[in-house]
Amino acid sequence: FPPRRPPSPARRLAGPHRQRLVEAFRVVRATLDAFNPDLVLIWGDDQYENFREDGVAPFCIFALDAIESRPFARLGTAANAWGEPNDTVMRLQGHRAAGRYLTTALVEQGFDMSYAYTMRHEAGLPHAFINALLLLDYDRKGLPWPVLPFHVNCYGSSTIAKRGAFAHIDGPGSRAPAPPGPSPGRCFAVGAATAQALRASPWR
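Under our numbering, the letters of the sequence shown match residues 17 to 220, in that order.
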């Protein structure tokens with residue numbers, strides 16, 4: 017038999033890195049448990065999941081009543097960290113009222129804000145959101161708070177051209193760049209306006 021190669025530096029570091037990540041999410045979860053908010057607003061991007069050729073939003077608030085996602089749908093037959101079936105459905109509560117309120121507040125402050133009352137992606141929430149929520153519930157205690165997902169187009173001109181970075185898997189994609197995403201300055205302005213609106217809201 018040929019001699020076994022020593023593990024690569026990346027493989028040696030993967031375990032400790034994962035442990036630090038899990039422990040950090042446990043700290044965030046403990047903070048949420050202690051604060052017990054009325055809802056959790058979570059920022060994330062959409063990598064050619066809900067937003068495709070028929071419409072790409074720079075920002076979008078998902079004002080949902082209920083959220084059903086299939087977080088492991090992309091894994092095929094590969095195992096996940098929890099040993100759960102890959103057709104598992106994760107059910108969460110949304111907060112449509114807060115979504116409507118926040119959208120209205122941002123529009124009134126001069127932001128042309130998009131919103132959605134449903135998702136089109138067959139697996140539910142984009143993985144930027146659902147992966148974060150999985151890690152916030154790493155120990156499978158459940159997530160008791162309504163969730164308000166806030167999409168930001170982080171991929172900009174690559175959203176369609178590279179199909180959210182999956183063109184290297186699915187095919188070459190288009191060579192023509194799409195319009196850019198929102199500027200960093202606009203993102204900061206939306207974040208500040210969101211904080212202002214939520215401070216004035218009836219929810220924590």
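We put the CB at the ideal spot given by N, CA and C, even for glycine.
With a Cβ-Cβ cutoff of 8 Å, do A139 and R90 count as a contact?
Contact flag set, yes.
Output needed for D153: all residues of its chain with C-beta closer than 7 Å, excluding positions within five of it in sequence on either side, in chain order.
For D153, where only same-chain residues beyond five positions count, the Cβ hits under 7 Å are L159.
Which residues in the same chain as G99 place their Cβ atom closer than 8 Å to its Cβ, once the five residues preceding and following it in sequence are excluded?
Closer than 8 Å at Cβ, skipping near neighbours: no residue.
Suppose you measure from the CA of P218 to the CA of A114; what does that come to, to the nearest Å?
Using only the alpha carbons, I get a separation of about 9 Å.
So, is the C-beta of A213 closer than 8 Å to a C-beta in chain B?
The structure shown contains no chain B; it holds only a single protein chain.
D70: which of H137, F145 and C170 sits nearest, CA to CA?
Among H137, F145 and C170, the Cα nearest to that of D70 belongs to H137.
What is the rounded straight-line gap between the Cα of A40 and the Cα of T120?
Approximately 34 Å between the Cα atoms of the pair.
According to DSSP, is V105 part of a helix, a strand, or is it coil?
Coil, per DSSP.
What are the partner residues of C76, as DSSP defines its beta bridges?
Paired residues: S130 and H167.
Count the other CB atoms, across all protein chains shown, that sit within 10 Å of the CB of G207; report buried if there are 16 or more and exposed otherwise.
Looking at its Cβ environment, which holds fewer than 16 other Cβ atoms inside 10 Å, G207 is exposed.
Does the segment 77-86 come into contact with the segment 158-173, if we say contact requires no fewer than three beta-carbon pairs (one atom in each stretch) closer than 8 Å?
Enough Cβ pairs lie closer than 8 Å, so yes.
Mind checking whether Q63 and P142 have CB atoms under 8 Å apart?
Yes; because the gap between Cβ atoms is below 8 Å, this pair is in contact.
Would you report the Cα separation of N169 and R202, rounded to the nearest angstrom?
About 12 Å.
Given a threshold of 16 other Cβ atoms within 10 Å of its Cβ, counted over all protein chains shown, does H111 qualify as buried or as exposed?
Buried, by the Cβ-count rule.
What is the DSSP secondary structure of E124, counted as helix, strand or coil?
E124 falls in the helix class under three-state DSSP.
G172 and P196: beta carbons closer than 8 Å?
The answer is yes: Cβ separation under 8 Å.
If you drop the 5 nearest sequence neighbours on each side, which residues of the same chain put their C-beta closer than 6 Å to that of V56?
Answer for V56: W161 and V163, listed in chain order.
By Cβ distance, which residues of its chain are closer than 7 Å to M129, with the 5 residues on each side in sequence left out?
Excluding sequence neighbours, M129 sits near F75, I77, T119, L122 and V123.
Apart from the five residues on each side of it in sequence, which residues of its chain come closer than 8 Å, Cβ to Cβ, to A94?
Around A94: N102.
Could you tell me which residues DSSP pairs with G115 in its beta bridges?
G115 pairs with nothing; no bridge assigned.
Classify I185 as buried or exposed, calling it buried when 16 or more other Cβ atoms lie within 10 Å of its own Cβ.
In this prediction, I185 scores a pLDDT of 44, lower than 50, which makes its location untrustworthy; the coordinate-derived value is nonetheless stated afterwards. Counting Cβ neighbours within 10 Å, I185 comes out exposed, since fewer than 16 surround it.
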